[in-house]
Amino acid sequence: QVLLQESGPRLVKPSETLSLTCTVSGAYSSETTQYWCWIRQPAGKGLEWIGRLDPSGSTSYLSSLKSRVTISLDTSKNQLSLNLRSVTAADTAIYYCARGRRNGDYFDFWGQGTLATVSS
Amino acid sequence: QSALTQPPSASGSPGQSVTISCTGTSSDVGHYDYVSWYQQYPGKAPTLIIYGVNKRPSGVPDRFSGSKSGNTASLTVSGLQAEDEADYYCSSYGGNQDVVFGGGTKLTVL
């Protein structure tokens, strides 16, 4: 069973950087059919894919966020990170980390989500 | 990538069947058999119920089925039960290593 747990500051000021961490357990790091991603959901709205990190270390990001976002992985800690720079109120959302699967690009395990609010 | 189009709401009585559509383009839904569906209860994370257009993960009741025709994918819930009342989201691989979601459909069991 793969478990994912998001953590990070719940309140971020406008123009600052939102930094979230996702601790992963139960997944084999050598599994090549999996990758890791971040997905967000503003209150009362739909899901938005933010980006992914492949086992090779390559990343892909939503085009509208590409200039502000970085996803990385600390394999020694089994922690996936999200950094979103220059945030505005529009970035207020529940942020989920999830495991993606190749040959389908579906998300079979999700964290419980963490609400990040951008406000002064 | 533009979001996939889903009806905002759907409803049915217990025991009935309900179908939720998910319309994309020839660059995503119409091009790849990589359509997935997720169920989300209020305050909870989404859970995978369909992947690869019509495959069910272990533990998902066979009342849930998926299909695709052209640029439109569909989720059918047969034998509707009260516990099926939730939000449902479709997603598709969009090429260029990205994924696009639908806007979500709120399913109400009457």
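Chains as they are written, first to last, in our numbering: chain P, 38 to 157; chain U, 4 to 113. Beta carbons: idealized from backbone N, C-alpha and C, even for Gly.
Item to check | Nearest-angstrom Cα separation, counted from L7 of chain U out to F104 of chain U | outcome: Against the second sequence, residue 104 of chain U aligns to sequence position 101. Against the second sequence, residue 7 of chain U aligns to sequence position 4. F104 of chain U and L7 of chain U: Cα-Cα distance of roughly 6 Å.
Checklist entry - Quick one: does Y132 of chain P have its CB under 8 Å from some CB of chain U? => result Here residue 132 of chain P refers to the residue found at position 95 when the first sequence is read from its first residue. Not an interface residue.
Checklist entry - So what's A127 of chain P in DSSP terms, helix, strand or just coil? => result On the first sequence, position 90 is the one that residue 127 of chain P refers to. Helix, per DSSP.
Item to check | DSSP bridge partner residues for I23 of chain U (one or two, in chain order) | outcome: Here residue 23 of chain U is taken as the residue at index 20 of the second sequence, counted from 1. According to DSSP, I23 of chain U bridges with U:L78.
Item to check | 6 Å Cβ shell around D91 of chain P - same chain, five flanking residues per side excluded | outcome: Along the first sequence, read from residue 1 onward, the residue named residue 91 of chain P stands at position 54. Taken in chain order, the residues that qualify are Y72.
Checklist entry - Around the Cβ of A85 of chain U, are there at least 16 other Cβ atoms within 10 angstroms (buried) or fewer (exposed)? => result Residue numbering aside, residue 85 of chain U sits at position 82 when the second sequence is read from its first letter. Label assigned to A85 of chain U: exposed.
Item to check | Reference S95 of chain P; option with closest CA among P:I108, P:S52, P:G148 | outcome: Taking the first residue of the first sequence as position 1, residue 95 of chain P is located at position 58. With distances taken between Cα atoms, S95 of chain P lies closest to P:I108.
Next on the checklist: Quick check: G69 of chain U and L83 of chain U, are their CB atoms within less than 8 Å of each other?
Outcome noted: In the second sequence, the residue the question calls residue 69 of chain U occupies position 66. In the second sequence, the residue the question calls residue 83 of chain U occupies position 80. Not closer than 8 Å, so no.
Next on the checklist: So with CB distances below 7 Å, who are the chain U contacts of R89 of chain P?
Outcome noted: As a first step, residue 89 of chain P is located in the first sequence; it is residue number 52 there, counting from the start. By Cβ distance, chain U contributes Q100.
Checklist entry - Is any beta-carbon of chain P found at less than 8 Å from that of A89 of chain U? => result Residue mapping note: residue 89 of chain U aligns to position 86 of the second sequence, counting from 1. Under the 8 Å criterion on CB atoms, A89 of chain U is classed as non-interfacial with respect to chain P.
Checklist entry - What residues are listed by DSSP as bridge partners for T151 of chain P? => result Position 114 of the first sequence, counted from the first residue, corresponds to residue 151 of chain P. DSSP links T151 of chain P through a beta bridge to P:Y132.
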